[in-house]
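J.:
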Amino acid sequence: MTAAVLARPVRRPRNLRRLLVEIGSALLGVALLIWSLLPVYNMFLIALDPDEGDIEFTGHIYPPEPSLDAFRVVLMQDDRYLEQFWQQFGNSLFIGVATMLLTALIGSLAAFAIGRMRPGTGRWLTGAALLTYAIPAAFLAIPFHRAMHLYGLTDTPWAVIAAQVSLATPFAILVLRHYASLIPAELDDAARIDGASGPQVYRLIYLPLIAPALSLAAIYALVLAWNDYIYQFLLLTSQGRMTVAMLQGHLFEDPDAAWNAMMAAAILYAMLPVAVFFGLRRYVAGRLGIGRADG
Amino acid sequence: MTDLVSGPPAAAAVPPASAERPRRPLGRGTYREDRLWTAAFIMPYAAVFLVFTACPIGYGLWMAGRPALYAQLADDPIYLTTLFNTLLFVGVGVNLKMFLALLLSGFFLRPRWWIKALLVIYLVPWPLAAVQAFISVHWILIGDMGLVNRLLEELFGIEAPIWFNYRWTALAWNIAAHIWKWMPFWTVIFIAARLALPRDVNDAAAIDGATGVRRFVHVTFPMLANLYLVCTLLSTLWTIGDFNTVYFVSGGAPVMSTDVLATLAFRYTFDSFNPALGIAAVLSALPVMIPVGLVMIRRFQTREVGL
């Protein structure tokens, strides 16, 4: 910046160019702002509509009489489509949290064994993780659905959790191994000489040191499960097991649904990972030494 | 899901550390007597992989093993349309997304306070729950009364078409929605990678008078090329399996002319009750996916990309 200030009086064309760059980046900024927020704005536009059906069919581009009634309807479950909303929210949360915890546990155990204990099978396991990482999730969905039938795991959230854990764990292993390679091996040696067993090193040394990367992997798993539609749709059938993503998917083309309330529900559901993401961003980014761009 | 972000800078931090002290086989000696514990630690993941990944894959291959299924696919005109759509969706979507992300990562590093604030807003689509976000995109575009059409008319007086009545506009919006959702993620990766680049190279380029486009083409991009390639390949694989975008944005409209393989497989399985055909449709992408996956895994392992 100081260089820019000093250079100002020297030559005019340069100033003009600088000005054009600033104008250009301001325009780009406005375009990006609209681009990023238009669908989010639309969610609020419909959700703030006092009577369902007004905005989406009359074409207002701003809410003429904004009202929070749709959110009240969701909170009180005051609509026949939303009668079990909080139970469905709970189902989604259960799947998300169980996926998160299991991924963190299984991923950290495997990463510790492969990275620190170095068994002969380590290469194979890393290969398996990479293979799973590269398989598109939706491609595995139908065979997975059939296999769960064979296992007898139909209509249980555990089948969905199993799918999400098997998709999220490879990422956890790759990230944890990478992060843990920065921890000196001498630490393990010292602990072993002091008489620590493998599980003790894992619990008392490894886990505390990899905590930032572990929370990153856990968030990844949560977001993966939260974003999922196809596995939940395929594997859960009964009314009581239904999740929010399934509810919204089912009513997607239903013209009778109260769309302001549905959008209010969508906002409540969709904003949770956004809140988690921005809440933990500084912690994770700071610990991993990244995020200087926005820090 | 700041996930892959951790990669590049950490990767860049590794080489100096390991270069200073000689590498020695980590742990081998320390944990020699702990065979049993090692096995116990590995067991959960090995079991998850075998039961929930390897078996379903094997079962799928077995179900879709009959050549007759592929003949049936080749006879279905919708399948051929879908194949073309998938090619377009992945080819245009991935390349446009990655290239724009690379350029925008440079923009977001400009030292202005409002650009830092903008980055936070720009990232919102990424953690937003996919189903809800794409339903909202669908609503924006649907019919005369969608927000996009209304805005175009109120602000510029343009009478926009009904997007989902035409195949090409529907395809274009599918691609745009995919880019909207996933470009922030890759932008963050490239921002992290740019930050990890050695400062002195850029300083030297600046002293030599390389600015703007020339510095990007001759200095910055060559250093990011390998990461860019791996990210593009990974994104290709993930985009082939992108079900949510097409299913919720265009829903295949008009009349199944914008489906991709992931959504067509779903239709075969549930609308025509023919899961074997659905899996066969999915597996027909393998000739593309296997080479892409192999190249990616090789790059992953041989070089310090560190995703």
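These protein sequence lines are chains A and B, in that order.
When you line the first sequence up against our numbering, it's residues 114 to 408, in that order.
When you line the second sequence up against our numbering, it's residues 37 to 343, in that order.
Using N, Cα and C, we set each Cβ at its ideal position, and we do this for glycine too.
(1) Alpha carbon to alpha carbon, what distance is there between V266 of chain B and K133 of chain B?
(2) Starting from L364 of chain A, follow the alpha helix (DSSP H) in both directions and report where the run begins and ends.
(3) Could you check whether the Cβ of S351 of chain A sits closer than 9 Å to any Cβ belonging to chain B?
(4) Return the chain-ordered ranges of every alpha helix (DSSP H) run that is complete within the segment 112–181 of chain B and spans a minimum of 4 residues.
(5) Am I right that G220 of chain A and A330 of chain A are in contact with their C-beta atoms under 8 Å? What's the rounded C-beta distance?
(6) At the level of alpha carbons, what is the spacing between Y342 of chain A and F192 of chain B?
(7) Spatial neighbours of F284 of chain A within its chain, please: C-beta separation below 7 Å, excluding the five flanking residues on both sides.
(8) Under 8 Å by Cβ, that's how I've got V126 of chain B and T275 of chain B pegged, so tell me the actual separation to the nearest angstrom.
(9) Counting only beta-carbon atoms, is A183 of chain A nearer than 9 Å to chain B?
(10) Using a Cβ-Cβ cutoff of less than 8 Å, which residues in the same chain neighbour F77 of chain B once the five nearest sequence positions on both sides are dropped?
(11) Closer than 8 Å: is that where the CB of L263 of chain A sits relative to any heavy atom of the ligand PLP?
(12) So if I threshold CB-CB distances at 9 Å, which residues from the segment 288–303 of chain B count as touching chain A?
(13) Does DSSP put L181 of chain A in a helix, in a strand, or in coil?
(14) Count the C-beta pairs between the segment 91–105 of chain B and the segment 284–298 of chain B that are closer than 8 Å, then say yes if the count reaches three, no if not.
(15) Taking 9 Å as the CB-CB cut-off, is E195 of chain B touching chain A?
(16) I want to see whether chain B comes within less than 9 Å of F198 of chain A, judged by CB atoms only; does it?
(17) Do Y175 of chain A and M375 of chain A count as a contact pair if the criterion is CB distance below 9 Å?
(18) Between the C-alpha atoms of Y95 of chain B and V84 of chain B, what's the straight-line distance to the nearest angstrom?
(19) On a CA-only basis, which of A:S138, A:M355, A:F257 and A:V314 is nearest A304 of chain A? Give me that one, please.
(20) Please report the straight-line C-alpha distance between L231 of chain B and L260 of chain B, rounded to a whole angstrom.
(21) Taking A316 of chain B as the query, report the chain A residues whose CB atoms sit under 7 Å from its CB, ordered along the chain.
(22) Which two residues bound the contiguous alpha helix (DSSP H) that contains F207 of chain A?
(23) Are the C-beta of L105 of chain B and some C-beta of chain A separated by less than 9 Å?
(24) Given that I174 of chain A touches chain B, what residues does it touch there, using C-beta distances under 8 Å?
(25) By the DSSP assignment, the alpha helix (DSSP H) with A230 of chain B in it spans what residues?
(26) With a threshold of 9 Å between beta-carbons, can V84 of chain B be considered close to chain A, or not?
(27) Run through chain B and tell me which residues come within less than 9 Å of Y194 of chain A, C-beta to C-beta.
(28) Within the continuous alpha helix (DSSP H) that includes G94 of chain B, where are the two ends?
(29) By a C-beta neighbour count over all protein chains shown, 10 Å radius and 16 as the cutoff for buried, is S308 of chain B buried or exposed?
(30) Check whether chain A comes within 9 Å of I157 of chain B, counting only Cβ atoms and requiring the distance to be less than that.
(31) Using a Cβ-Cβ distance under 9 Å, would G63 of chain B count as near chain A?
(32) For Q190 of chain A, decide whether its Cβ has a neighbour in chain B, counting only Cβ atoms nearer than 9 Å.
(33) Taking 7 Å as the limit between beta carbons, can you name the residues of its chain near D278 of chain B, skipping five residues before and five after?
(34) Could you check the C-alpha separation between L349 of chain A and F252 of chain B for me, to the nearest Å?
(35) So K217 of chain B and P161 of chain B are supposed to be a Cβ contact under 8 Å. How far apart are they, rounded?
(36) Which residue's Cα is closest to the Cα of T141 of chain B: B:N210, B:A228 and B:A165?
T.: Looking at the atomic coordinates:
(1) The count along the second sequence starts at 1 and reaches residue 133 of chain B at position 97. The count along the second sequence starts at 1 and reaches residue 266 of chain B at position 230. Going from the Cα of K133 of chain B to the Cα of V266 of chain B covers about 14 Å.
(2) Locating residue 364 of chain A in the first sequence gives position 251, where the first residue counts as 1. Segment: none, L364 of chain A is in no alpha helix (DSSP H) and carries neither H nor E.
(3) The residue you call residue 351 of chain A lines up with position 238 of the first sequence. So, not an interface residue.
(4) 113–143, 149–158 and 166–177
(5) On the first sequence, position 107 is the one that residue 220 of chain A refers to. On the first sequence, position 217 is the one that residue 330 of chain A refers to. Confirmed, about 6 Å.
(6) As a position in the first sequence, residue 342 of chain A is number 229, starting the count at 1. As a position in the second sequence, residue 192 of chain B is number 156, starting the count at 1. Those two C-alpha atoms are separated by around 37 Å.
(7) Walking along the first sequence from the start, residue 284 of chain A turns up at place 171. Excluding residues within five positions, the ones whose Cβ falls inside 7 Å are Y246, A330 and Y333.
(8) Here residue 126 of chain B refers to the residue found at position 90 when the second sequence is read from its first residue. Here residue 275 of chain B refers to the residue found at position 239 when the second sequence is read from its first residue. Indeed, because the Cβ distance is near 5 Å, the residues count as touching under 8 Å.
(9) If you number the first sequence from 1, residue 183 of chain A lands on position 70. No, its Cβ sits nowhere closer than 9 Å to a Cβ of chain B.
(10) Within the second sequence, residue 77 of chain B is the residue found at index 41, counting from 1. None.
(11) You won't find the ligand PLP in this model; it holds no ligand whatsoever.
(12) L297, A298, T299, A301 and F302
(13) As a working mapping, residue 181 of chain A is identified with position 68 in the first sequence. If DSSP states are grouped into helix, strand and coil, L181 of chain A belongs with coil.
(14) no
(15) As a working note, residue 195 of chain B is residue 159 in the second sequence. E195 of chain B does not count as touching chain A.
(16) As a working mapping, residue 198 of chain A is identified with position 85 in the first sequence. It does not; no Cβ of chain B falls within 9 Å.
(17) Residue 375 of chain A sits at position 262 when you count from the first residue of the first sequence. Residue 175 of chain A sits at position 62 when you count from the first residue of the first sequence. Cβ distance not < 9 Å, so M375 of chain A and Y175 of chain A don't count as in contact.
(18) Working through the second sequence from its first residue, we reach residue 95 of chain B at position 59. Working through the second sequence from its first residue, we reach residue 84 of chain B at position 48. So the alpha carbons of these two residues sit roughly 16 Å apart.
(19) Counting from one through the first sequence, the residue named residue 304 of chain A turns up at place 191. Ranking A:S138, A:M355, A:F257 and A:V314 by Cα distance to A304 of chain A puts A:V314 first.
(20) Counting from 1 along the second sequence, the entry for residue 231 of chain B is found at position 195. Counting from 1 along the second sequence, the entry for residue 260 of chain B is found at position 224. Straight-line Cα distance between these residues: approximately 11 Å.
(21) Start at 1 with the first residue of the second sequence, and residue 316 of chain B comes out as number 280. Near A316 of chain B there are no residues of chain A at all, since even the closest Cβ is about 10 Å away, more than 7 Å.
(22) As a first step, residue 207 of chain A must be located in the first sequence, where it is residue number 94. Segment F198 to F225, the alpha helix (DSSP H) holding F207 of chain A.
(23) Translated into the one-based positions of the second sequence, residue 105 of chain B becomes position 69. No, because no Cβ of chain A sits closer than 9 Å to the Cβ of L105 of chain B.
(24) Residue mapping note: residue 174 of chain A aligns to position 61 of the first sequence, counting from 1. Per Cβ cutoff of 8 Å: L183, R186, L187 and E190.
(25) For this step, residue 230 of chain B is matched to residue 194 along the second sequence. Before going on, a small fix: residue 230 of chain B reads as Arg here, not Ala. Segment R203 to A232, the alpha helix (DSSP H) holding R230 of chain B.
(26) Translated into the one-based positions of the second sequence, residue 84 of chain B becomes position 48. Cβ-Cβ to chain A under 9 Å: yes for V84 of chain B.
(27) As a working mapping, residue 194 of chain A is identified with position 81 in the first sequence. Result: empty, since nearest Cβ-Cβ is about 14 Å, beyond 9 Å.
(28) Here residue 94 of chain B refers to the residue found at position 58 when the second sequence is read from its first residue. Residues C91 to M99.
(29) Working through the second sequence from its first residue, we reach residue 308 of chain B at position 272. Under this definition S308 of chain B is an exposed residue.
(30) If you number the second sequence from 1, residue 157 of chain B lands on position 121. For I157 of chain B, the answer is yes, since a Cβ of chain A falls inside 9 Å of its Cβ.
(31) Position 27 of the second sequence, counting from 1, holds the residue named residue 63 of chain B. Confidence in G63 of chain B is poor, its pLDDT being 46 and thus under 50, which makes the residue's placement unreliable; the coordinate value appears in the next sentence. Judged by the 9 Å Cβ criterion, G63 of chain B is in contact with chain A.
(32) The residue given as residue 190 of chain A occupies position 77 in the first sequence. No, Q190 of chain A lies away from the interface with chain B (no Cβ there is under 9 Å from its Cβ).
(33) Within the second sequence, residue 278 of chain B is the residue found at index 242, counting from 1. So the qualifying residues of the chain are H214 and A298.
(34) Residue 349 of chain A sits at position 236 when you count from the first residue of the first sequence. Residue 252 of chain B sits at position 216 when you count from the first residue of the second sequence. When rounded, the distance between both Cα atoms is 50 Å.
(35) Here the question's residue 217 of chain B lines up with position 181 in the second sequence. Here the question's residue 161 of chain B lines up with position 125 in the second sequence. Right, their Cβ atoms sit about 5 Å apart.
(36) Numbered from its first residue, the second sequence carries residue 141 of chain B at position 105. The residue asked about is misnamed: residue 141 of chain B is Ser in this sequence, not Thr. Ranking the options by Cα distance to S141 of chain B, first place goes to B:A228.
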